[in-house]
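See below for the structure under consideration.
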Amino acid sequence: MAWVAAALVALLYPIPFERSGYIYYETVGFLVLLNAMLGIGWNIIGGWAGQFDFGPNIFFAIGAYTAALLFIHLGWNAWLGLLGAVVVSVVICAVVTYPVTRLRGHYFAIATVAMWMIAQPIGATWELINGSRGLFIPVAAGGGFAHGMLTMEFAGRGKGLGFYYLALLLFALTLWGARAVERSKLGFYFRAVRDDQEGAESIGIDSRLYKVIARCLMAAVFAAGGVLYGFWALAVFPDQVLEVNWNILPMMAVVVGGLGRLGGAVLGSIILIPISQLMTATLGAGPLAGRGIDIIIYGAVIMLIAGWRPNGLLSLPWQRWAGRLLGRAPAQPAKG
Amino acid sequence: MTLFLQAVADGLQMGLLYALVAVGLTIIWGLMEMINFAHGEFMMLGMFGAWGLSVSLGWDPLVSMVPLAVIMYGAGVLVYRLLMRRVQRGEIFTQIFATVGLFFFIQNGVVALFTSDYRFVNKSLLTGLSGANITLGDVRIGVPLLVGGLIALALFLILYLLIDRTDFGLALQATAEDRDAAMLVGIRPQRMYAVAWGLGTALVAVAGVILANFFAVYPQAGLSFTILAYAIVALGGFGSILGTLMAALLVGVVQSVTAAYFPPAFKDAFVFGSYILIGLFRPQGLFGRF
Numbered sequence: 039m040a041w042v043a044a045a046l047v048a049l050l051y052p053i054p055f056e057r058s059g060y061i062y063y064e065t066v067g068f069l070v071l072l073n074a075m076l077g078i079g080w081n082i083i084g085g086w087a088g089q090f091d092f093g094p095n096i097f098f099a100i101g102a103y104t105a106a107l108l109f110i111h112l113g114w115n116a117w118l119g120l121l122g123a124v125v126v127s128v129v130i131c132a133v134v135t136y137p138v139t140r141l142r143g144h145y146f147a148i149a150t151v152a153m154w155m156i157a158q159p160i161g162a163t164w165e166l167i168n169g170s171r172g173l174f175i176p177v178a179a180g181g182g183f184a185h186g187m188l189t190m191e192f193a194g195r196g197k198g199l200g201f202y203y204l205a206l207l208l209f210a211l212t213l214w215g216a217r218a219v220e221r222s223k224l225g226f227y228f229r230a231v232r233d234d235q236e237g238a239e240s241i242g243i244d245s246r247l248y249k250v251i252a253r254c255l256m257a258a259v260f261a262a263g264g265v266l267y268g269f270w271a272l273a274v275f276p277d278q279v280l281e282v283n284w285n286i287l288p289m290m291a292v293v294v295g296g297l298g299r300l301g302g303a304v305l306g307s308i309i310l311i312p313i314s315q316l317m318t319a320t321l322g323a324g325p326l327a328g329r330g331i332d333i334i335i336y337g338a339v340i341m342l343i344a345g346w347r348p349n350g351l352l353s354l355p356w357q358r359w360a361g362r363l364l365g366r367a368p369a370q371p372a373k374g
Numbered sequence: 021m022t023l024f025l026q027a028v029a030d031g032l033q034m035g036l037l038y039a040l041v042a043v044g045l046t047i048i049w050g051l052m053e054m055i056n057f058a059h060g061e062f063m064m065l066g067m068f069g070a071w072g073l074s075v076s077l078g079w080d081p082l083v084s085m086v087p088l089a090v091i092m093y094g095a096g097v098l099v100y101r102l103l104m105r106r107v108q109r110g111e112i113f114t115q116i117f118a119t120v121g122l123f124f125f126i127q128n129g130v131v132a133l134f135t136s137d138y139r140f141v142n143k144s145l146l147t148g149l150s151g152a153n154i155t156l157g158d159v160r161i162g163v164p165l166l167v168g169g170l171i172a173l174a175l176f177l178i179l180y181l182l183i184d185r186t187d188f189g190l191a192l193q194a195t196a197e198d199r200d201a202a203m204l205v206g207i208r209p210q211r212m213y214a215v216a217w218g219l220g221t222a223l224v225a226v227a228g229v230i231l232a233n234f235f236a237v238y239p240q241a242g243l244s245f246t247i248l249a250y251a252i253v254a255l256g257g258f259g260s261i262l263g264t265l266m267a268a269l270l271v272g273v274v275q276s277v278t279a280a281y282f283p284p285a286f287k288d289a290f291v292f293g294s295y296i297l298i299g300l301f302r303p304q305g306l307f308g309r310f
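Protein chains in written order, with this note's numbering: chain Y, 39 to 374; chain S, 21 to 310.
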């Protein structure tokens, strides 16, 4: 029931805004879905496989660049480009991650940061991707909604609605895929490596291999997100796709919602992104503009949530509250 | 050859300053295994403190270092007591989340008060010495940076003795190793954590005060140093103060030598590249015990 209701809300969300012209809220929805999707991807390595990954945005960048290059030079459709981007980033991820799985815990975390720090000057200087001048994605205007959904090419008025549904589609695919992984043998192997690496190895699980697989799944999700973002922004700049926010925000969404749970990233994004967007829109303008008041409050809210619910908001008794709201008696423990 | 030797000498001096930024992190992260994304913001607060006291009261950073260290010790204890003690009950990732919030809060609080303009400490003993050099053969060593480096070295030694040679230091290490066992022998873990946060914060603020002599003071000054500091602590190995010092010197040398021969945009990439390379052979860092 809850699933159907959530899906209906997600499908119908942009309609009132489209009719009334407040398309800004469609963009907020787009960002929520993009971030939730990235969070679900990050939860695979961070939540299930238990590895600190602070540098996932390199795959976001690789995805955005691959699809943009394929589109500009070879004229590939964005969806085809997305497939290419996923393949390229998974291959690169496997190659660079396998050696550093020798490192554990915090050492591994810094290795992922290291990859990000190495990627930055490469992105800013490599001539193939135009260095810090970036790549522009030329998109023809006036293709209509159906054409846009098939090509990710939107320009003008229909863009907010179109990208909301594109993000919803990719988000749903990611959620479905992650759910399949969670229930599969693979998902149990990931959690076994997280909970007890030596124990997992003693029953024949190759922990390094499964860490690589977990990170590659994350890389695939981030690459897809990068493609979506590139076609949304119509340009790929190194300092934009390698921005620290693509590392921190998905992770924060997962943590605020609940680490290791699929709903965590979704709940976290629904809370964090609109708060920051609305505060930037209201407090970021006016007499105090540029003074960072919105981010001060944002930071305070984050600290309050973390201090109040260190195990994530999904650890609250939501089901009991929902039961009370619907007039149903909460489930009682069996007596005996 | 002269270029190389000069680069090594410059790198060693920078390395000492990096060591100072990283040593506070060795206590909070390396020893107590708590993550603090706002580490560099405490350094930035130290820089602003040095600038403020220099402009308003005319205090030299070498003097204002002492009261600022005391104040920032209190701030660190406060952050632990009000925030991190609660956050500690959850997953370790929640510490990232909470300290990112702290990072936003402090950085933009300073932006709100002082704007993002660059400020400089102009009148101080060390900036007055700028231009003074000591020459060793063909290698020139700037006196101000040398003095800053020596202060760093002194603080480092004191801390090393405190952590490795006193009962208090042993109690800190015991808490980090096994909280419950430490409680059994009468150590109060939360007090140990609070002291570790106070010490780490005070040390990084002192680093900021010294760095204010050499670098521009602005609200975003912290992040690049924080990222380097994390790499330095991991490279040195968890729980090793001497390791942090060695790693910081190595990072300084790698940075300045590669910057002498390659485009400077890549200097951090070389540092992090060597981290990965060394990690492949020493997965527990250079001097790490675990």
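Note that CB positions come from ideal geometry on N, CA and C, so glycine has one too.
| query | result |
| --- | --- |
| In DSSP terms, what R161/S is bridged to | The amino acid at residue 161/S is misidentified as Arg; the sequence shows Ile. Its beta-bridge partners are I154/S. |
| V237/S - partner residues in DSSP beta bridges | R139/S |
| Residues that V274/Y bridges to, as DSSP identifies them | L173/Y |
| Y62/Y burial status per 10 Å Cβ neighbour count (16 or more: buried) | exposed |
| Cβ of I308/Y within 9 Å of any chain S Cβ | no |
| Same chain, Cβ closer than 8 Å to G196/Y, five either side skipped, listed in chain order | G182, F183 and G186 |
| Bounding residues of the alpha helix (DSSP H) (the contiguous stretch that carries F226/Y) | K223 to D233 |
| Whether A42/S touches T278/S by CB criterion (9 Å) | no |
| Whether V291/S touches A251/S by CB criterion (9 Å) | yes |
| Below-9 Å beta-carbon distance, Q275/S vs any chain Y residue | no |
| Start and end residues, alpha helix (DSSP H) containing P159/Y | H144 to T163 |
| Proximity below 9 Å, CB of G129/S to CB of G345/Y | no |
| Partners in chain Y for V120/S, counting only beta-carbon separations shorter than 7 Å | I286, M290 and I340 |
| Sequence-distant residues of the same chain with beta carbon closer than 7 Å to I171/S, five excluded per side | I230 |
| Start and end residues, alpha helix (DSSP H) containing A196/S | D187 to E197 |
| The region 37 to 48 of chain S: positions lying closer than 9 Å to chain Y by Cβ | none |
| Within 9 Å of chain S by C-beta, residues of the region 102 to 127 of chain Y in sequence order | none |
| Same chain, Cβ closer than 7 Å to G148/S, five either side skipped, listed in chain order | none |
| Secondary structure of P368/Y, DSSP reduced to three states | Confidence at P368/Y is low in this model, with a pLDDT of 49, below 50, so its placement is unreliable and the value that follows should be read with caution. Here P368/Y sits in coil by DSSP. |
| Cβ of Y250/S within 9 Å of any chain A Cβ | Looking at the structure shown, chain A is missing, and the protein chains on hand are Y and S. |
| Cα-Cα separation, L297/Y to A118/S | 14 Å |
| CA-to-CA distance, Y295/S to R140/Y, given in whole angstroms | 13 Å |
| C-alpha distance - F245/S paired with R347/Y, whole-angstrom precision | 30 Å |
| Outcome for S319/S when other beta-carbon atoms lying within 10 angstroms are tallied against a minimum of 16 | Residue coverage of chain S in this structure runs from 21 to 310, which leaves residue 319/S outside it and unanswerable. |
| Beta-carbon proximity check, Q240/S vs Q115/S, cutoff 9 Å | no |
| Sequence-distant residues of the same chain with beta carbon closer than 7 Å to L206/Y, five excluded per side | A48 and L71 |
| Neighbour list for V294/Y in chain S, Cβ cutoff strictly below 8 Å | F117 |
| Backbone CA spacing between N233/S and F307/S [nearest angstrom] | 31 Å |
| G60/S versus G113/Y - alpha carbon distance | 45 Å |
| Whether S260/S touches G305/S by CB criterion (9 Å) | yes |
| Reduced DSSP category for E56/Y - H, G, I as helix; E, B as strand; rest coil | helix |
| Contact check, L300/Y vs L213/Y, beta carbons under 9 Å | yes |
| F123/S versus G189/S - alpha carbon distance | 28 Å |
| Beta-carbon separation (whole angstroms), V271/S vs G44/S, contact threshold 8 Å | Not really, about 16 Å apart at Cβ, beyond 8 Å. |
| Start-to-end residues for the alpha helix (DSSP H) that takes in E64/Y | Y62 to N81 |
| Buried versus exposed call for V125/Y [16 or more other C-beta atoms within 10 Å across all chains shown] | exposed |
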